[in-house]
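J.:
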Amino acid sequence: MPAPVNAQFLLIQVFNGLVNGAFYALLSLGLAVIFGMLRIVNFMHGALYMLGAFVAFALGQMFGLGFWPSLLLAPLMVAAVGMILERTLLSRLYSLEPSYNLLLTFGLTLLTQDLVKQVMLSKYAVSSAPYTTPSELTGVVNLGFVVFPKYRLFVIGVALLACLITWFIIEKTRVGAIIRASTENPVVTRSLGIDVSKWVTGVFGVGVGLAGLAGVLAAPIYSVEPYMGAELIITTFAVVVIGGMGSILGSIVTGFAVGVLAAVGAAVYPPMANTLVFVLMAVVLLVRPAGLFGLPDGAR
Amino acid sequence: MTAALLEVEDLHAYYGQSHVLHGLNLRIMPGEIVSLLGRNGAGKTTTLKSIMGVLRSRTGRVTFDGQDILRLPSNRIAARGLAWVPEERAILNSLSVRENVELPPARPGGWSAERVYDTFPVLRERGQHPGGKLSGGEQQMLAIVRVLRSGPKLLLLDEPSEGLAPVIVQRIGDMIERLSGEGLTVLLVEQNLKFAARLADRHYVFVDGQIVDEVRREEVEARRDDLVRYLSV
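Same order as they appear, the protein sequences are chains P and B. Anchor point for the first sequence: position 274 equals 270 in the working numbering, and the numbering is continuous, going up by one each time. One rule links them: number in the working numbering = place in the second sequence (from 1) + 314.
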C-alpha cells in the first residue's frame, strides 16, 4: 500500500514534471521541426543536447565565460555544427531510404559522445563535471503554495518562451510560411522560386539549436557528461510518438504534459516511475497510432 | 527572324528505368500561346516538368531566353522568368490563401499583391482561410495568379481546365487571353481540344513521348478529325 500523498507534495511533483517537460518539449519540438522539413528522424538529437551542455562547460573553462553568455553562444554553436553536418553529410542521403540517415545520425551520436569523453578526460581529467548555477538564480522562490528552486522555474520559463517563439515564427510569419510550404510540398515551393535546400539547412540549425539550448539549461541541474543525452532522448522519442509527428504545438503541449503526468504518476505509484511514459506510449499507439496531435498518413 | 523564347532540343526524360520522352524538339516564340495536345500518359506533363527542372533525370538542351537552363535547379529557373502551374496539389493547404498569394518572391514586373486582390476579390475576402478550402476553380485561379507575382515571361500551364465547370473554364480561358494580351507567353498542356483550340496559336501533338504533328490555328478546322483521333482513347 503506497503512502498517502499530500497535496503539497503533489504540487511540487507538478513543478518537477514541468522541468522535465521543459526538456522534452524543447527536444521534441526540434525533432518535429526537423522531421517536418527533412523527413528524417534525427537520431543525433540527444548528442547535440549534450554538446550544448559541453560547449557551455568548455566556454567556461577556456574563456571564463559564465552561464549567461553561454546560454546564447552554446545553442548558436550547436546550430552551426548541425548546419555543417546537414550540408556535408545528411543532405547526401535524402534521396535514399530513411534508414541510411538513421544509421548516419546514430554513428554521429557515438562519435560525438566519444569525442566529448576524450576531450573531458584528456583536457580536464574528469568524466563528468558539475556546472555552477548562476548566482542570480540560486536559492528558492516562495510561490505561496509551494517553495521551489529559482533556477528550475527559470528553466520552465525559458523553455516555454523558446517554444512559443518557435511556434509563433512557424505559424505566423513569412519565414514560417516558407517553412510550412517547403514541408508540405517542396517541389512546388521550389518551383515558385524559393531555394528550399537553403531553408532545410536553416531549419535543421534551429531544430538542433533548440537541443543545444536544452543542454545548456540542463547543465546546472544534471551536470555535464558525455552520455547525458542518451537516456533523455529515448524518453523524448516516446513523447514524440505520443504527440504525433507533424504538429508544432502538439509537440510542445505533449512535452510538458508528459513531463507532469510522469512525475505525478511516479509520486502516486513509485514503481511506475520509469515505465509510465512508455506505458502511455503503448496506449496511444493502440488507440491512436498517428499520435494525439498527428494526422493519419493520407491527411497530410 | 526573332529568337525563340524557349527552345527544346533532343529532350529525353526518364522516370527511374522508364524512358518517357524520346528526343523532343519544340520552339516557342515570344507572345505565342502554344498547346501540347495528347492522351493521358503521352508525356505532356513530363515535358513541362522537364522544362521547369522539377524532373531531374533528363538529357538534351533547354534554352530559355538565350540561356541553357537544363542544369539549373527549379528555383533558379523560376528566377529567370519561367513559371509552372502544375496539374494538381498546387495550392498549399498549410498556408492561408493570403500566404499562398504572397509566397513567391516578388520581382520587378510582377503583380503586386494589391493587383492580385483587386483582380480576384475572393482571394482577399478569404485571405485567412486555408488554401485548400477554396473551390476547385478558385484554387486554379490562385495557382495561376500566384506565379504572376514573380513577373514570369513564360507560363507553363498543366491542364488548367481539368475537372472544372464550363463557366469556370470559360473564365480561366478569358484570363489566359488577357495575360497573353499583356505579352505573356504561354505553353499549355491540354486534353480539352475545344479549350485549347480557342486559345492556342499552335498545337504540338504528342504520342508516346514524341511530337508527331504540328497544327497551326488556321489549320485546326480543316484538320479537326485528325486532332480528335489523336486525342481519343
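All residues carry an ideal CB built from backbone N, CA and C; glycine is no exception. Remember, it's a predicted structure, so these values are computed and weren't measured experimentally.
Within 10 angstroms of its Cβ, does leucine 160/P collect 16 or more other Cβ (buried), or is it exposed?
T.: Leucine 160/P is exposed by the Cβ-count criterion.
J.: Measuring straight from C-alpha to C-alpha, what distance separates leucine 257/P and leucine 69/P?
T.: Their Cα atoms are separated by approximately 33 angstroms.
J.: Residues of the stretch 168 to 192 of chain P with a CB closer than 8 angstroms to any CB of chain B: list them in chain order, please.
T.: Those residues of the stretch 168 to 192 of chain P that come within reach of chain B (Cβ to Cβ, closer than 8 angstroms) are Arg170, Ala173, Ile174, Arg176, Ala177, Thr179, Glu180, Asn181, Val183, Val184, Thr185, Arg186, Ser187, Leu188, Gly189, Ile190, Asp191 and Val192.
J.: Could you pull out every residue in the same chain whose Cβ sits closer than 6 angstroms to the Cβ of valine 51/P, ignoring the five residues on either side in sequence?
T.: Closer than 6 angstroms at the Cβ level, and outside the excluded window around valine 51/P, lie Ala70 and Met73.
J.: Quick one: Cα of tyrosine 120/P to Cα of alanine 54/P, how far?
T.: So the alpha carbons of these two residues sit roughly 10 angstroms apart.
J.: Can you tell which of Arg35/P, Leu22/P and Asn12/P has its C-alpha closest to the C-alpha of proline 182/P?
T.: Ranking Arg35/P, Leu22/P and Asn12/P by Cα distance to proline 182/P puts Arg35/P first.
J.: Is alanine 327/B helix, strand or coil when you go by DSSP?
T.: DSSP places alanine 327/B in strand when its eight states are reduced to three.
J.: How about valine 235/P and valine 254/P: do their beta carbons lie closer than 8 angstroms?
T.: In this structure, valine 254/P lies closer than 8 angstroms to valine 235/P by Cβ.
J.: Comparing the CB of asparagine 181/P with every heavy atom of the ligand MG, is any distance shorter than 7 angstroms?
T.: Ligands in the displayed structure: none, and consequently the ligand MG is not present.
J.: Judging by CA-CA distance, which residue of Leu437/B, Val459/B and Val411/B is the nearest neighbour of serine 424/B?
T.: The sequence shown places glycine at residue 424/B, rather than the serine named in the question. Checking every option, the nearest Cα to that of glycine 424/B belongs to Val459/B.
J.: Check the Cβ of alanine 392/B against every Cβ in chain P and list those closer than 9 angstroms, keeping chain order.
T.: Arg186, Ser187, Leu188, Gly189 and Ile190, listed in chain order.
J.: Taking the alpha-carbon positions, what's the threonine 232/P to leucine 27/P distance?
T.: Distance between the alpha carbons of threonine 232/P and leucine 27/P is about 9 angstroms.
J.: Within 10 Å of its beta-carbon, does arginine 186/P have 16 or more other beta-carbons around it, so buried, or fewer, so exposed?
T.: That one is buried.
J.: Show which residues of chain P have a CB atom less than 9 angstroms away from the CB atom of proline 418/B.
T.: Residues of chain P passing the Cβ test: Leu188, Gly189 and Ile190.
J.: Closest to phenylalanine 200/P by CA distance: which of Leu61/P, Leu86/P and Gly62/P is it?
T.: Ranking Leu61/P, Leu86/P and Gly62/P by Cα distance to phenylalanine 200/P puts Leu86/P first.
J.: Taking only beta-carbon positions, decide if methionine -3/P is within less than 8 angstroms of chain B.
T.: Reliability of the predicted coordinates at methionine -3/P is poor, the pLDDT of 48 falling under 50, and the value obtained from them is presented with this limitation in mind. No, no contact with chain B.
J.: For asparagine 339/B, report the span of its beta strand (DSSP E) as first-last.
T.: Segment 332 to 342, the beta strand (DSSP E) holding asparagine 339/B.
J.: Under 8 angstroms, Cβ to Cβ, is there at least one residue of chain P near leucine 406/B?
T.: Chain P, which has a Cβ nearer than 8 angstroms to the Cβ of leucine 406/B, makes this yes.
J.: Quick one: list the residues of chain P neighbouring methionine 366/B, beta-carbon separation under 9 angstroms, in chain order.
T.: Simply Ser187.
J.: Taking all protein chains shown into account, decide if glycine 42/P is buried (16 or more other Cβ within 10 angstroms of its Cβ) or exposed.
T.: So glycine 42/P ends up on the buried side.
J.: Give a yes or no on whether 8 angstroms exceeds the smallest Cβ distance from serine 332/B to chain P.
T.: With 8 angstroms as the cut-off, serine 332/B does not count as an interface residue toward chain P.
J.: I'd like to know if methionine 33/P contacts chain B, where contact means its C-beta is closer than 8 angstroms to some C-beta of that chain.
T.: Chain B contact via Cβ: absent.
J.: Taking any Cβ of chain P, which residues in the stretch 447 to 468 of chain B have a Cβ under 8 angstroms from it, in chain order?
T.: Of all residues in the stretch 447 to 468 of chain B, Arg460, Val461 and Ser464 have a Cβ within less than 8 angstroms of some Cβ in chain P.
J.: Assuming valine 260/P contacts valine 10/P (C-beta within less than 8 angstroms), just tell me the rounded distance between them.
T.: Contact holds; Cβ gap of about 6 angstroms.
J.: Quick check: is the beta carbon of tryptophan 425/B nearer than 8 angstroms to any beta carbon in chain P?
T.: With 8 angstroms as the cut-off, tryptophan 425/B does not count as an interface residue toward chain P.
J.: How many whole angstroms separate the CB atoms of serine 464/B and proline 418/B, which I take to be in contact at a CB cut-off of 8 angstroms?
T.: Yes, they are in contact, since the Cβ atoms of serine 464/B and proline 418/B sit about 5 angstroms apart, within 8 angstroms.
J.: Taking 7 angstroms as the limit between beta carbons, can you name the residues of its chain near arginine 438/B, skipping five residues before and five after?
T.: Hits under 7 angstroms: Tyr431.
J.: Note down, in chain order, each residue of its chain lying with its Cβ closer than 8 angstroms to the Cβ of isoleucine 486/B, except the 5 sequence neighbours on either side.
T.: Excluding sequence neighbours, isoleucine 486/B sits near Gly451, Gln454, Met455, Ile458, Pro474, Ser475 and Leu478.
J.: Given a cut-off of 8 angstroms, decide if leucine 468/B and threonine 499/B are closer than it, judged by their beta-carbon atoms.
T.: Yes, they are a contact pair.
J.: Is DSSP giving leucine 139/P helix, strand or coil here?
T.: Leucine 139/P falls in the coil class under three-state DSSP.
J.: Contact between the stretch 316 to 327 of chain B and the stretch 362 to 376 of chain B: three or more CB pairs below 8 angstroms?
T.: Cβ pair count under 8 angstroms is three or more, so yes.
J.: Mind pulling the chain P residues with CB within less than 7 angstroms of glutamate 413/B?
T.: Going along chain P in sequence order, the residues near glutamate 413/B (Cβ under 7 angstroms) are Ala173.
J.: Give me, in chain order, the residues of the same chain whose beta-carbon lies closer than 6 angstroms to that of leucine 98/P; leave out the 5 immediate sequence neighbours on both sides.
T.: Once the five neighbours on either side are set aside, the close Cβ partners of leucine 98/P are Phe39.
J.: With a floor of 4 residues, list each alpha helix (DSSP H) that falls wholly inside the stretch 146 to 226 of chain P, ordered by position along the chain.
T.: Runs found: 146 to 168, 170 to 180, 182 to 187 and 192 to 218.
J.: Alpha carbons only, please: which of Ser123/P, Val122/P, Ala177/P and Gly78/P is nearest the one belonging to threonine 101/P?
T.: Minimum Cα distance to threonine 101/P is reached at Gly78/P.
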